[in-house]
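Heads up, the sequence shown is in our numbering, so the first residue is 17 and it goes up one at a time.
Where a beta carbon is used, it is the ideal one built from N, C-alpha and C, also for glycine.
Keep in mind that this is a model prediction, so the values were computed, not measured.
Single-structure report; data block below.
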Amino acid sequence: MLTTLRNQYQTATTTAELAHFRQQAWRLYQPAAPVLVEAFGQEWWLRPGLTFTPFANAVRCTAHCAFCSEELQRYEGHQLTAKRLIDDYPAYFARLGEVLRPFRGLPLGLSLSGLEATAEPQWLRELLACLTVLEGEGMIFDEKVLYTNGSGLVTSPDLALALQDIGLTRLELSRCHDDERINQEIMRFNRNQPVRHNAVYEATVRWLHNHLAVKNSCILTRGGITTLLDVERYLAWAASLGVRQVVFRELSRLEGSYLPNVFTDWIEANRVPIEPLLAAAVPTLEAPRPGWAYAGSTFGYYYYNEHYQYQGLEVVFETSSYPALQAATATGVLQKLILHSDGTLSGDWDPDSQVLSRVGTVSVASSSADF
Numbered sequence: 017m018l019t020t021l022r023n024q025y026q027t028a029t030t031t032a033e034l035a036h037f038r039q040q041a042w043r044l045y046q047p048a049a050p051v052l053v054e055a056f057g058q059e060w061w062l063r064p065g066l067t068f069t070p071f072a073n074a075v076r077c078t079a080h081c082a083f084c085s086e087e088l089q090r091y092e093g094h095q096l097t098a099k100r101l102i103d104d105y106p107a108y109f110a111r112l113g114e115v116l117r118p119f120r121g122l123p124l125g126l127s128l129s130g131l132e133a134t135a136e137p138q139w140l141r142e143l144l145a146c147l148t149v150l151e152g153e154g155m156i157f158d159e160k161v162l163y164t165n166g167s168g169l170v171t172s173p174d175l176a177l178a179l180q181d182i183g184l185t186r187l188e189l190s191r192c193h194d195d196e197r198i199n200q201e202i203m204r205f206n207r208n209q210p211v212r213h214n215a216v217y218e219a220t221v222r223w224l225h226n227h228l229a230v231k232n233s234c235i236l237t238r239g240g241i242t243t244l245l246d247v248e249r250y251l252a253w254a255a256s257l258g259v260r261q262v263v264f265r266e267l268s269r270l271e272g273s274y275l276p277n278v279f280t281d282w283i284e285a286n287r288v289p290i291e292p293l294l295a296a297a298v299p300t301l302e303a304p305r306p307g308w309a310y311a312g313s314t315f316g317y318y319y320y321n322e323h324y325q326y327q328g329l330e331v332v333f334e335t336s337s338y339p340a341l342q343a344a345t346a347t348g349v350l351q352k353l354i355l356h357s358d359g360t361l362s363g364d365w366d367p368d369s370q371v372l373s374r375v376g377t378v379s380v381a382s383s384s385a386d387f
């Protein structure tokens, strides 16, 4: 098994081994030895290669996806960072430098995610400039990924140039269907967002290829991309736009870990498991579906990916488990670092859980192990 900073990669050599991978998935992940770091007056155990997220919520999101994780409510009643917008940019960026200082020299992944990072162009420009300064002072971001619905890249195309300048590893561009009407039913863009129209989206993708590595991200849903025939049609469309990497993601498995609401109900009613798609693409290693070739499997601490080659494209199918993520967090080893809009640095999407540091206070580790 090939171990990287963030996951493990292995290629099944027999059909039985591949079936074992699919059945066990993320359970086969073997945690690397944690790293001890002193920060904010305490010692912390960190997962090697963990990612840092400056949570993007300067303004409300430009879409209202039916599967949005920010609308999931925990049983403990904790609040997510998305409930408070970033209202003081100078203070926010000063705090950004402060919370990262203890981690200089330690390789981190940079995950630009949260709500929609491109929705407020000035915030994103200032963020990228701040991160560039921090790199000059010894911060190491060995992988930089932006997860986006693309809305701000349409209205402020200069953002692509700024992202190119910081050496973005890849841009993961969300699109749930090749038919704009169906895509709109799932992603629910604000009606003033041009990106909801296929003609605008397609022109933007073609332009982005001149500056960034673009990877399409498609959430599998009932009524959306459901079957392997749907997948193949979507791939033909993506390829026509010059895209060469596509990931199809199953809606995360909740398994009762959140309070029931309209979003959990929608997720459970519309989940498309990846196992039937995997079985249709490569039922056995000896007899794959024409055009499909299995390349390997990735094991993460709460996710499992299968990698394929399909007509010149790199295709990934991904499944993940929120309970597995919670279990990893409960070990006491920090799995991620998140800067929240109120200046709290925590190891969780919840600003009151796994707290390393708050503005103007001495940090005390939270006992919560939620995601």
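- In the three-state reduction of the DSSP assignment, Q46 falls in the coil class.
- The three-state secondary structure of R191, taken from DSSP, is coil.
- Here the alpha carbons of A133 and R120 stand approximately 24 angstroms from one another.
- Listed in chain order, the alpha helix (DSSP H) runs fully inside the stretch 161-219 are 167-171, 174-181, 196-203, counting runs of at least 4 residues.
- In the structure shown, A255 adopts helical secondary structure according to DSSP, grouped into three states.
- Ranked by how close their Cα comes to the Cα of Q138, the residues D174, R117, A110, V161 have D174 in first place.
- If you draw a straight line from the Cα of V53 to the Cα of L372, it is about 12 angstroms long.
- Secondary structure note for P106: its alpha helix (DSSP H) is the uninterrupted segment 105-116.
- Judged by their CB atoms, T185 and E159 are nearer to each other than the 8 angstroms cut-off.
- Within 10 angstroms of the beta-carbon of S337 lie 16 or more other beta-carbons, which makes it buried.
- Spanning the alpha carbons of T69 and D358 requires a straight line of approximately 14 angstroms.
- For I283, the enclosing alpha helix (DSSP H) covers residues 278-286.
- Excluding five sequence positions before and after S268, the CB atoms of its chain that fall closer than 6 angstroms to its own CB belong to S336, Y338, given in chain order.
- In the structure shown, the three-state DSSP call for H323 is strand.
- Look at F37 here: in three-state DSSP terms it is helix.
- It is roughly 15 angstroms from the alpha-carbon of V262 to the alpha-carbon of L224.
- Take A254, set aside five residues on each side of it, and the residues of its chain with a beta-carbon closer than 7 angstroms to its own are N232, V262, in chain order.
- A residue is called buried once 16 or more other Cβ atoms fall within 10 Å of its Cβ, and N73 is buried on that count.
- When the alpha-carbon of P292 is set against those of I283, F333, Y250, V278, the nearest one is in F333.
- Taking 8 angstroms as the cut-off, the Cβ atoms of I182 and L144 count as close.
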